[in-house]
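**Student:**
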Amino acid sequence: MRVAIIGSGPAGFYAAEALLKRADAVVDVDMFDRLPTPYGLVRGGVAPDHQKIKTVIRVFATTAARPTFRFLGNVRLGRDVTVAELRQHYHQIVYATGNEADRRLGIPGEGIARCTPATVFVGWYNGHPDYRHAQIDLSVHRAAVVGNGNVAVDAARILLRTPAELERTDIAAHALEALRNSQVREVFILGRRGPEQAAFSPAELKELGKMEAADPVVAPGELAGYVGWESTGNAEKDKNLKILQSFAAQQPRAHAKKLHLRFLVSPTEVIADAAGNVAGLALERNRLEARTGGTVAARGTGEIEVLEVGMVLPAIGYAAERIAGVPYDEEARVIANDDGRVVDPVSRAVIANEYVVGWARTGPKGLIGEHKRASAHVVGHMIADGAEFAPRALPKRDAIVSLLRQRGLQLVSFNDWKQLDDVEVARGARRGAPRDKIADVEAMLAVLAQG
Ligand SMILES: Cc1cc2nc3c(=O)[nH]c(=O)nc-3n(C[C@H](O)[C@H](O)[C@H](O)COP(=O)(O)OP(=O)(O)OC[C@H]3O[C@@H](n4cnc5c(N)ncnc54)[C@H](O)[C@@H]3O)c2cc1C
Ligand SMILES: NC(=O)c1ccc[n+]([C@@H]2O[C@H](COP(=O)([O-])OP(=O)(O)OC[C@H]3O[C@@H](n4cnc5c(N)ncnc54)[C@H](OP(=O)(O)O)[C@@H]3O)[C@@H](O)[C@H]2O)c1
Numbered sequence: 092m093r094v095a096i097i098g099s100g101p102a103g104f105y106a107a108e109a110l111l112k113r114a115d116a117v118v119d120v121d122m123f124d125r126l127p128t129p130y131g132l133v134r135g136g137v138a139p140d141h142q143k144i145k146t147v148i149r150v151f152a153t154t155a156a157r158p159t160f161r162f163l164g165n166v167r168l169g170r171d172v173t174v175a176e177l178r179q180h181y182h183q184i185v186y187a188t189g190n191e192a193d194r195r196l197g198i199p200g201e202g203i204a205r206c207t208p209a210t211v212f213v214g215w216y217n218g219h220p221d222y223r224h225a226q227i228d229l230s231v232h233r234a235a236v237v238g239n240g241n242v243a244v245d246a247a248r249i250l251l252r253t254p255a256e257l258e259r260t261d262i263a264a265h266a267l268e269a270l271r272n273s274q275v276r277e278v279f280i281l282g283r284r285g286p287e288q289a290a291f292s293p294a295e296l297k298e299l300g301k302m303e304a305a306d307p308v309v310a311p312g313e314l315a316g317y318v319g320w321e322s323t324g325n326a327e328k329d330k331n332l333k334i335l336q337s338f339a340a341q342q343p344r345a346h347a348k349k350l351h352l353r354f355l356v357s358p359t360e361v362i363a364d365a366a367g368n369v370a371g372l373a374l375e376r377n378r379l380e381a382r383t384g385g386t387v388a389a390r391g392t393g394e395i396e397v398l399e400v401g402m403v404l405p406a407i408g409y410a411a412e413r414i415a416g417v418p419y420d421e422e423a424r425v426i427a428n429d430d431g432r433v434v435d436p437v438s439r440a441v442i443a444n445e446y447v448v449g450w451a452r453t454g455p456k457g458l459i460g461e462h463k464r465a466s467a468h469v470v471g472h473m474i475a476d477g478a479e480f481a482p483r484a485l486p487k488r489d490a491i492v493s494l495l496r497q498r499g500l501q502l503v504s505f506n507d508w509k510q511l512d513d514v515e516v517a518r519g520a521r522r523g524a525p526r527d528k529i530a531d532v533e534a535m536l537a538v539l540a541q542g
């Protein structure tokens, strides 16, 4: 069996491992990525001050060392190679392309300067080549981060960390330089629902109380509904509420930067100054409304305030990008699938031998470790489906490489990546950091061309 996996994030690597460790069949896996570097959001999403979680790349490198695994970096499906070509060269295809688009607030002013989706801000500080030239203007004193998830917490924390806290991380050098000169003193994290509905993990929330030069601020009124409460019935939510109460009980240090956590407010307009930059964010006060099925929705009360901020970072979730030739579910904003088997989005008929794993399958929910089981589950379908047919003869394994080279593509192998890795680690050592990323594809390819 020969399998193409498109995308080298956690879901792609866990799918590769599940395929390659099979004792009952020989599987050749070619893993493609549009970037010369592997590991998806482990490299381009996970916050630089969270180095421990990034050690998972050692597990992925072990998979990459298996003899029938091949990495083909710097190849974008839909631009450099088509789905039809992959069908010719592989028995099965696995899409593991993640969620690289952002969700929008859909309010007036969203597109103005200094209103920057979290995808862009996160990619910028993590040295993702797509965002190295993003305009991140940190000359403002106050910023708002919209959303109550872990990405909002990451973005706020990075804005408020000191250069000393960041320089020994793998933060991109351009971001470290900009953050050294940052004027941001106050950040507001804004939730449209209440503290009980916030999606933060307790560990992430707690970390906000441990920043060197910034303190969390929770006005007592934000927790008014929770005076004397005992349990919400959900252990994670209870932990969050306890942490928030501890923040509310603390007096922030006089000279500390401030991180305000506010709830029950929805942005209704990003307000511009005369130069067209963000000058404020109009917020509507919400109340909670119970819905049938036990969910709780935010409903606007019509009461509006203007929060004076010079920068807005919406961190309200990601969505899958459309890829030419790959069926797309417009409503869920994922690759159309039925439990990981790719389907036609209209008829829901299964498209044989095509599968999807990770965030491209489920949308942007869940942690890195959760992909291990989820990808293995989809590989289970691949094995069951594959057993039903005799594999057809394919072109030679290297034919795809010749085809891509004929197009002038400089392919990046896993050994090439190891060379880039060594260069980055050596650059990082100069500032006592685990690595200093090369944030430019041309520069990466130039390093490899030098040998
Ligand atoms: C900002 C942020 C921080 C996070 N921090 C944590 C954390 O601290 N701990 C934790 O457990 N989880 C964290 N997560 C969640 C975790 O990153 C995801 O669960 C996981 O990365 C999703 O894996 P994936 O393989 O589906 O997608 P990704 O990791 O996004 O991988 C997708 C890959 O596909 C490639 N690709 C996309 N399109 C194409 C194409 N057309 N052709 C070829 N290649 C393509 C991309 O380059 C990328 O390498 C974080 C998520 C975000 C957004
Ligand atoms: N350190 C970590 O472990 C870490 C770090 C980063 C990310 N992650 C994981 O990655 C996944 C994605 O994280 P995420 O933060 O992007 O997503 P998320 O957890 O789904 O949070 C998105 C937030 O945006 C809010 N939101 C959505 N639409 C909105 C709108 N129109 N207006 C205002 N608010 C809106 C949501 O509110 P509602 O709840 O009201 O919809 C929610 O609070 C999560 O599973 C997360 O745990 C983990």
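For the sequence shown, the residue numbers in my numbering are 92 to 542.
Virtual Cβ for every residue (Gly too), placed ideally from N, Cα, C.
All values reported here derive from a predicted model rather than from experimental measurement.
1) Please identify the residue among Gly218, Ala406, Asp476 whose C-alpha is closest to the C-alpha of Val433.
2) Can you tell me which residues form a DSSP beta bridge with Leu281?
3) Going by C-alpha distance, which of Ile144, Leu126, Thr128 is nearest Gly460?
4) Straight-line CA distance for His219 to Val231?
5) Name, in chain order, the residues that DSSP records as bridge partners for Ala192.
6) Which term fits Phe480, buried or exposed, when burial requires 16 or more other beta carbons within 10 angstroms of its beta carbon?
7) Which residues in the same chain have their Cβ closer than 6 Å to the Cβ of Pro101, if we skip the five residues on either side of it in sequence?
8) Run through DSSP, which three-state label would Asp115 get?
9) Can Asp420 be considered in contact with ligand 1, in the sense that its beta carbon sits closer than 7 Å to one or more heavy atoms?
10) Compute the Euclidean distance between the alpha carbons of Asp512 and Ile184, then round it to the nearest angstrom.
11) Report yes if the CB atom of Leu335 is closer than 8 Å to the CB atom of Leu355, and no otherwise.
12) Using only alpha-carbon positions, find the residue among Ser322, Val244, Val403 that is nearest to Ala204.
13) For the stretch 327–334 and the stretch 254–266, state whether three or more C-beta atom pairs, one from each stretch, are separated by less than 8 Å.
14) Starting from Gln183, follow the beta strand (DSSP E) in both directions and report where the run begins and ends.
15) Pick out whichever of Gly393, Tyr181, Asp171 has its Cα sitting closest to the Cα of Val118.
16) Going by the DSSP bridge assignment, what does Pro307 pair with across the sheet?
17) Given that a residue counts as buried once 16 or more other Cβ atoms are within 10 Å of its Cβ, and exposed if not, what is Glu380?
18) Since Leu502 contacts Asn165 with CB under 8 Å, what's their CB separation in whole angstroms?
19) Ordered along the chain, which non-local residues of its own chain (more than five positions away) have a Cβ less than 8 Å from that of Ala368?
20) Between which two residues does the beta strand (DSSP E) harbouring Asn377 extend?
21) Could you check whether the stretch 102–110 touches the stretch 118–127, counting it as contact only if at least three pairs of C-beta atoms, one from each stretch, sit closer than 8 Å?
22) Tell me where the beta strand (DSSP E) around Thr392 begins and ends.
23) With three or more C-beta pairs closer than 8 Å as the rule, is the stretch 208–219 touching the stretch 148–161?
24) Threshold first: 4 residues or longer. Then list the alpha helix (DSSP H) segments lying entirely within the stretch 116–166, N to C.
25) Given a cut-off of 8 Å, decide if Val275 and Ala304 are closer than it, judged by their beta-carbon atoms.
26) Leaving aside the five residues before and after Asp420 along the sequence, list all residues of the same chain whose C-beta is less than 8 Å from its C-beta, in chain order.
27) Check this for me: beta carbons of Ala406 and Gly238, under 8 Å apart or not?
28) Using only the heavy atoms of ligand 1, determine whether one of them is closer than 7 Å to the beta carbon of Val118.
29) Determine the contact status of Arg353 and Gly282, defining contact as a CB-CB distance below 8 Å.
30) Apart from the five residues just before and just after Ala540, which ones in its own chain have a Cβ nearer than 8 Å to its Cβ?
31) Got a sec: does ligand 2 put a non-hydrogen atom nearer than 7 Å to the Cβ of Tyr409?
32) Take Phe505 as the anchor and find which of Met92, Val94, Arg157 has the nearest alpha-carbon.
33) How would you call Asn272, buried or exposed, if buried means at least 16 neighbouring beta carbons within 10 angstroms?
34) Below 8 Å on the Cβ atoms is my guess for Val448 versus Val469; work out the distance and round it to an integer in Å.
35) Jot down the residue ranges of each uninterrupted alpha helix (DSSP H) in the stretch 414–481, minimum 4 residues, whole runs only, in chain order.
36) What would DSSP say about Met402, mapped onto helix, strand or coil?
**Tutor:** Concretely, from the data shown:
1) It is Asp476 whose Cα lies nearest to the Cα of Val433.
2) Paired residues: Val237, Arg353.
3) For the residues Ile144, Leu126, Thr128, the minimum Cα distance to Gly460 belongs to Ile144.
4) Roughly 24 Å between the two C-alpha positions.
5) By DSSP's assignment, Ala192 forms a beta bridge with Ala410.
6) Exposed, because fewer than 16 other Cβ atoms sit within 10 Å of the Cβ of Phe480.
7) Sequence-distant partners of Pro101 (beyond 5 residues in either direction) whose C-beta falls short of 6 Å from its own C-beta, in its chain, are Ile459, His462.
8) Note: Asp115 maps to coil in three-state DSSP.
9) For ligand 1, not one heavy atom lies less than 7 Å from the Cβ of Asp420.
10) Looking at the backbone, the Cα of Asp512 and that of Ile184 are separated by about 28 Å.
11) Not in contact: Leu335 and Leu355 (Cβ atoms no closer than 8 Å).
12) Comparing Cα-Cα distances from Ala204 to each of Ser322, Val244, Val403, the minimum goes to Val403.
13) No, the stretch 327–334 does not touch the stretch 254–266.
14) Its beta strand (DSSP E) spans residues 183–186.
15) If we check each option's Cα against that of Val118, Tyr181 comes out closest.
16) Pro307 pairs with Leu350.
17) Burial is judged here by how many other beta carbons sit within 10 angstroms of a residue's own beta carbon; Glu380 has fewer than 16 and is exposed.
18) For a cut-off of 8 Å, the C-beta gap from Leu502 to Asn165 is around 6 Å, short enough to register as a contact.
19) The sequence shown places Asn at residue 368, rather than the Ala named in the question. Exclusion of the five residues before and after Asn368 leaves Ile203, Ala204, Arg205, Asp228, Gly401 as the residues of its chain whose Cβ lies within less than 8 Å of its Cβ.
20) According to the DSSP assignment, Asn377 belongs to the beta strand (DSSP E) that extends over 369–381.
21) The stretch 102–110 vs the stretch 118–127: in contact.
22) Note, Thr392: beta strand (DSSP E), 387–398.
23) No: the two stretches stay apart, fewer than three of their Cβ pairs being nearer than 8 Å.
24) Qualifying alpha helix (DSSP H) stretches, in chain order: 131–135, 148–155.
25) Against a cut-off of 8 Å, the Cβ pair of Val275 and Ala304 comes out as no contact.
26) Once the five neighbours on either side are set aside, the close Cβ partners of Asp420 are Ile426, Ala427, Asn428, Pro436.
27) For Ala406 and Gly238, yes; Cβs fall inside 8 Å.
28) Closer than 7 Å to some heavy atom of ligand 1: that does not describe the Cβ of Val118.
29) Contact: yes.
30) Closer than 8 Å at Cβ, skipping near neighbours: Gln501.
31) Yes; taking the cut-off as 7 Å, the Cβ of Tyr409 has a heavy atom of ligand 2 nearer than that.
32) The shortest C-alpha separation from Phe505 is found at Arg157.
33) Exposed, by the Cβ-count rule.
34) About 5 Å; that satisfies the 8 Å criterion.
35) As far as the stretch 414–481 is concerned, its whole alpha helix (DSSP H) runs of at least 4 residues are 450–453, 461–477.
36) If DSSP states are grouped into helix, strand and coil, Met402 belongs with the strands.
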